[in-house]
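Protein chains in written order, with the numbering used here: chain A, 1 to 213; chain B, 1 to 213; chain C, 1 to 213.
Inspection log for the structure reproduced underneath, given as structure tokens.
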């Protein structure tokens, strides 16, 4: 993995750990619960990717990832000592950074291991969305990815653009930066303007009776 | 894998992808969210099986699976353009087909990799139920498997019958068809007549106070 | 694995299977649903550990684990024939035993496979908490680990104490017993006196509007 990718990966770990810690604060967890939720969010997606690709899981060989998560969770707790009012947008924005970074990094890793392009884009999307999905599922919230604000879409754009630029033999540094920026801008724009793709809606005929069961 | 198994597998992917797309429509996801939920439902169980058996994950080597999911999700969205009233039974029936197919295919794969019979039946059940469980958990719904309508039971029947017929050296084609039909008929009958096994019920003494916390 | 570890592992399987069955009874599942929830609780954490460490999954080679789960679930159902009032504390205590046992066993396994200490402690915690987390997520309950009663904390204490005693070359039997007891006592004390670490709380500014969406 190139130097650039390594630092971007670390940055992704920090922002996702932060988003996990912020979510933990909203549910008033104890400090170790905060660390667990930070860790699940930060390394859940990459762990799933590596397990499915059956390549050694990235954080086993390098404890720096765990230390970064611990430090991020600790600093978040220390910095926000008393209950504070923090705009929900902080959580959304740190999540968006992690999503964009990990979608591209995951696609790159899958391609470098020889995966076909559609498989690599899926692995990238999984790297980007799975950590946040686990975080939301653990907090009993319907995952962000299932809401209407262009979430999976941004991850797929980032991964697919990277695969395309890679295929066109654009220098890797440029390809990575462009792909991350495209995913990030799309996701932030969707948050800011509350843009959504048109929803696919089914009205469930029997739902009322079923829900009473 | 035999020709028959291959086509049944593809059919299972399609019906589970459909059940994921229908669920997505009930929660009004955006088009890429529909694709994600279809994919999780269709390949979640088999992925879990292959990861636990530590054999290469089936959809990595063959992108046809991903294309099938994409096509199924796209066709579902196109076919149901405006919000429609779709009976919940559609979702239940497509889910039942996927359950029966994957329970038997999963058992077969585990046996062919040398697993003991009880382990193989468990792997089959997991292949059949895990995709739908992930779908339901992501939508914040208690999974079908935890309701009372003979769900895990049908998957175990299918897998165990296949293992038995396989042990009796019944020709594989016949064993597969019989096992799938048995699981499917049992599950559809349970849906149709709302048959359940007697529930195992504990009344929780302290639940009221706890729930208030 | 030493004789002692083997029997403690079996005991952990039984108490976690029991906690899964008790939870199943509270949600009135059918008998096979009870078995599934028992199995997920009992082997979910260890399965995740082995998959991430990419070592053969422990229950594949030894069907005794599945038989134990089946027997525990069956005995629970038979013993509690009619709906009964069972104090919620039963569930919490069996869960605490499983947590303490598996946290230490998981740490030991990771260390013996050559993992670094922080990684091993994390793998131990995962072994201890993941089964219960899966159980709670499937029942659509916010996992115990996310409540404030020193849950992850107890698992980390057990694993870290084991790693320390192991480093100090304390005989393995003594190290295991001490580490398990420390985690168990801490968790039971937290349940009994409702002790919690101070919660980390964020008040979410926009949550009201968001929740209405």
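Idealized CB from N, CA, C, for every residue including glycine.
Do residue j and residue i count as a contact pair if the criterion is CB distance below 7 Å?
i: residue 131/C; j: residue 49/C; result: no
i: residue 175/C; j: residue 154/C; result: no
i: residue 158/C; j: residue 189/C; result: no
i: residue 125/B; j: residue 110/B; result: no
i: residue 45/A; j: residue 58/A; result: no
i: residue 173/C; j: residue 4/C; result: yes
i: residue 42/C; j: residue 80/C; result: no
i: residue 152/C; j: residue 32/A; result: yes
i: residue 16/A; j: residue 128/A; result: no
i: residue 74/C; j: residue 63/A; result: no
i: residue 69/B; j: residue 39/B; result: yes
i: residue 138/A; j: residue 143/C; result: yes
i: residue 92/C; j: residue 53/C; result: no
i: residue 51/C; j: residue 51/B; result: yes
i: residue 96/A; j: residue 194/A; result: no
i: residue 201/B; j: residue 28/C; result: yes
i: residue 101/A; j: residue 161/A; result: no
Which of helix, strand or coil does DSSP assign to residue i?
i: residue 60/B; result: coil
i: residue 200/A; result: coil
i: residue 86/A; result: strand
i: residue 29/B; result: coil
i: residue 171/B; result: coil
i: residue 49/A; result: helix
i: residue 141/C; result: coil
i: residue 55/C; result: coil
i: residue 208/A; result: At residue 208/A the pLDDT is 43, less than 50, meaning the model places this residue with poor confidence and gives no usable figure here.
i: residue 19/C; result: helix
i: residue 194/B; result: coil
i: residue 38/A; result: helix
i: residue 80/B; result: coil
i: residue 150/B; result: coil
i: residue 113/B; result: coil
i: residue 2/A; result: coil
Indicate whether at least one CB of chain A lies closer than 7 Å to the CB of residue i.
i: residue 172/B; result: no
i: residue 92/B; result: no
i: residue 63/B; result: yes
i: residue 104/C; result: no
i: residue 201/C; result: yes
i: residue 183/C; result: no
i: residue 188/B; result: no
i: residue 36/B; result: yes
Between residue i and chain C, is the shortest Cβ-Cβ distance under 7 Å, so that the two count as touching?
i: residue 179/B; result: no
i: residue 198/A; result: no
i: residue 51/B; result: yes
i: residue 137/B; result: yes
i: residue 211/B; result: The predicted position of residue 211/B is uncertain, since its pLDDT is 41 and thus under 50; no value can be drawn from it.
i: residue 120/B; result: no
i: residue 110/B; result: no
i: residue 194/B; result: no
i: residue 25/A; result: yes
i: residue 40/A; result: no
i: residue 57/A; result: yes
If we cut at 7 Å on Cβ distances, does residue i have a partner in chain B?
i: residue 146/A; result: yes
i: residue 140/C; result: yes
i: residue 129/C; result: no
i: residue 79/C; result: no
i: residue 152/A; result: yes
i: residue 143/A; result: yes
i: residue 116/A; result: yes
i: residue 33/C; result: yes
Please list the terminal residues of the continuous alpha helix (DSSP H) segment that includes residue i.
i: residue 127/A; result: 117-138
Does the Cβ of residue i lie closer than 6 Å to at least one heavy atom of the ligand ATP?
i: residue 133/C; result: For the ligand ATP, the structure offers nothing, since it holds no ligand at all.
For the 8 Å Cβ check, are there 3 or more pairs between the segment 111-123 of chain C and the segment 11-28 of chain C? no
On the three-pair Cβ rule with 8 Å, is the segment 88-99 of chain C touching the segment 165-173 of chain C? no
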